[in-house]
Amino acid sequence: MNKIANSKTKNWLYKGIAGILIVLVATFGLLMTLSYSLMGDWLGWLKIYRTLYIVETHYADTIDKKTLLDGAVKGIVSTLGDKHSLYMAGDEFKEFKDQMSSSYAGIGVYIGSTDAGIMIAGVIDDSPASEASLKRGDLIIAIDGTPTEGMKLEDVSQKIRGPVQTDVTLTIREDGVDKDVTLTRRQIHMKTVMGQMVEGTNIGYIRIGVFGEDTGAEFTKEYQSLREQGMEKMILDLRNNPGGLVDQAVEVAGNFMPQGSTVVSFTSSDGNTQTFEANGTGDTVPMVVLINENSASASEIVSGSIQDLGLGKIIGVRSYGKGTVQGVYGVSQEDAIKLTVAKYHTASGREIDGVGIEPDITVQLQPNDTVDYQLQKALDVLKAE
1290 MNKIANSKTK
1300 NWLYKGIAGI
1310 LIVLVATFGL
1320 LMTLSYSLMG
1330 DWLGWLKIYR
1340 TLYIVETHYA
1350 DTIDKKTLLD
1360 GAVKGIVSTL
1370 GDKHSLYMAG
1380 DEFKEFKDQM
1390 SSSYAGIGVY
1400 IGSTDAGIMI
1410 AGVIDDSPAS
1420 EASLKRGDLI
1430 IAIDGTPTEG
1440 MKLEDVSQKI
1450 RGPVQTDVTL
1460 TIREDGVDKD
1470 VTLTRRQIHM
1480 KTVMGQMVEG
1490 TNIGYIRIGV
1500 FGEDTGAEFT
1510 KEYQSLREQG
1520 MEKMILDLRN
1530 NPGGLVDQAV
1540 EVAGNFMPQG
1550 STVVSFTSSD
1560 GNTQTFEANG
1570 TGDTVPMVVL
1580 INENSASASE
1590 IVSGSIQDLG
1600 LGKIIGVRSY
1610 GKGTVQGVYG
1620 VSQEDAIKLT
1630 VAKYHTASGR
1640 EIDGVGIEPD
1650 ITVQLQPNDT
1660 VDYQLQKALD
1670 VLKAE
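Using the working numbering, read the sequence shown as starting at 1290 and increasing by one per residue.
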């Protein structure tokens, strides 16, 4: 009996071991297949693990494992060679979400890049910047002693922003004179749309700072209000507008484009094209659109399609030329990848990536100009109609 029991026990043991081995082999095979599918290398996962292991066990200095992981993931995205695709970790992702929600901790300025340097392109009312009398045309020479020369706009923006009730010192150049201005950051709700009637005329002026989550609704409210005030012609100011959410651009366009007009179409990596049309209106108004070298993405979609459809004149200088669409994909609650997923076309099918929108009337504007000549030209064009 004992021999029979022992024999059965051994059989169960062998079967158990065999089952475990089959599972391990199947799992390893699956990992290798996934590795080849995702990385083009059967041993891709092992190479990544081996690299991390070697660095962590042999590097001569202290290593932050989270920073190491973030660097590895950023490397995957950066090798695409696409400046609009990036891995956003921690504060960077939070800043992106703040920009889209139009709420952030900062001082309340719009900034732009000019030949003279980083310029204040606009100041938000009732903000630390407006209270410190900063104004359009002021140059930001340094932030907390760090020169801004050669810095990217997004890096300047990130250094200016920070926790509520903390200070930031800007070195401002005004009329050739440098001075230090210390401001205390606070929560800023950036209204993305601002409008008013031009005094003594039937012309309305509407500026869109960025296409954020509420821009479509904000614009519709402002547009309808100005129409009720007697607006029969419109200036749409998209200067220094970096773009944002495409669905909001389509919603904005629905206020002044004919029903069924193509606002934008996307061609994805698989070659499929998707077209977005404006809900539209039969009550269009003559208009002029202002753009400059910092007008990008969604602002180029709107201005380009207005130009294509002959709805208005474009005035200013050639726009930035960002003709790609990015999708945002969460990696964790704190991290995400912003990835180029398609190229867009304006209403007539134009691709403008790297090309931009050429204005119908070119008007240069210098940082030290005391008159907004682009706006003045827009008024002259509309008054002549």
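C-beta atoms are modelled at their ideal positions from N, C-alpha and C, and glycine is treated no differently. Note that the structure is predicted; figures quoted are calculated from it, not measured.
Inter-residue Cα distance where the pair is residue i and residue j
i	j	result
GLU1438	ASP1444	11 Å
ILE1590	PHE1500	11 Å
VAL1606	GLN1548	29 Å
TYR1342	LEU1369	25 Å
LYS1632	HIS1347	44 Å
ILE1400	ARG1339	44 Å
PRO1575	LEU1671	7 Å
GLY1364	VAL1617	17 Å
LYS1468	PRO1436	13 Å
VAL1482	LEU1459	26 Å
ARG1528	THR1403	13 Å
ASP1661	THR1613	30 Å
ASP1456	THR1471	7 Å
ILE1604	ASP1649	6 Å
GLU1674	THR1635	26 Å
VAL1630	ASP1359	22 Å
LYS1448	ILE1432	7 Å
LYS1627	ARG1450	21 Å
ILE1396	ASN1581	24 Å
ASP1415	VAL1366	39 Å
GLY1610	ARG1425	24 Å
Element boundaries [alpha helix (DSSP H), containing residue i]
i	result
ALA1667	1662 to 1673
ASP1456	No alpha helix (DSSP H) holds ASP1456; the beta strand (DSSP E) holding it covers 1456 to 1463.
SER1367	1354 to 1367
GLU1517	1504 to 1517
ALA1410	Unbroken run through ALA1410 is the beta strand (DSSP E), 1406 to 1412; no alpha helix (DSSP H).
Paired residues, beta bridge with residue i - DSSP
i	result
GLU1589	Answer is none; GLU1589 lacks a bridge partner.
THR1340	Bridge partners of THR1340: none, in fact.
GLN1485	TYR1494
THR1613	LYS1632
LEU1472	VAL1457
GLN1563	PHE1555
Counted within 10 angstroms of its Cβ, other Cβ atoms place residue i as buried (16 or more) or exposed
i	result
GLN1665	exposed
ILE1311	exposed
ASN1657	exposed
ALA1349	exposed
THR1651	exposed
THR1434	According to the sequence provided, residue 1434 is Gly. The question's Thr does not apply to it. So GLY1434 counts as exposed.
ALA1405	exposed
THR1551	buried
THR1356	exposed
VAL1539	buried
THR1504	buried
ASP1526	buried
Where the beta strand (DSSP E) through residue i begins and ends
i	result
LYS1448	That residue, LYS1448, is in no beta strand (DSSP E); its alpha helix (DSSP H) goes 1442 to 1449.
ALA1378	1375 to 1378
SER1557	1551 to 1557
SER1416	Careful: SER1416 lies outside any beta strand (DSSP E) and carries neither H nor E.
VAL1574	Counting along the chain, VAL1574 falls outside any beta strand (DSSP E), and DSSP gives it neither H nor E.
Fill in: Inter-stretch contact (C-beta, 8 Å, three-pair minimum) for the region 1536 to 1545 and the region 1638 to 1652
no
Worksheet item: Taking one C-beta from the region 1530 to 1541 and one from the region 1580 to 1596 each time, how about it: are there three or more such pairs within less than 8 Å?
Response: yes
Worksheet entry | Touching by the beta-carbon criterion (3+ pairs, under 8 Å), the region 1507 to 1520 and the region 1466 to 1479 | no
Worksheet entry | Sufficient close CB pairs (3 or more, under 8 Å) joining the region 1618 to 1632 to the region 1370 to 1382 | yes
Worksheet item: Are at least three pairs of beta-carbons, each pair with one atom in the region 1490 to 1504 and one in the region 1552 to 1565, less than 8 Å apart?
Response: no
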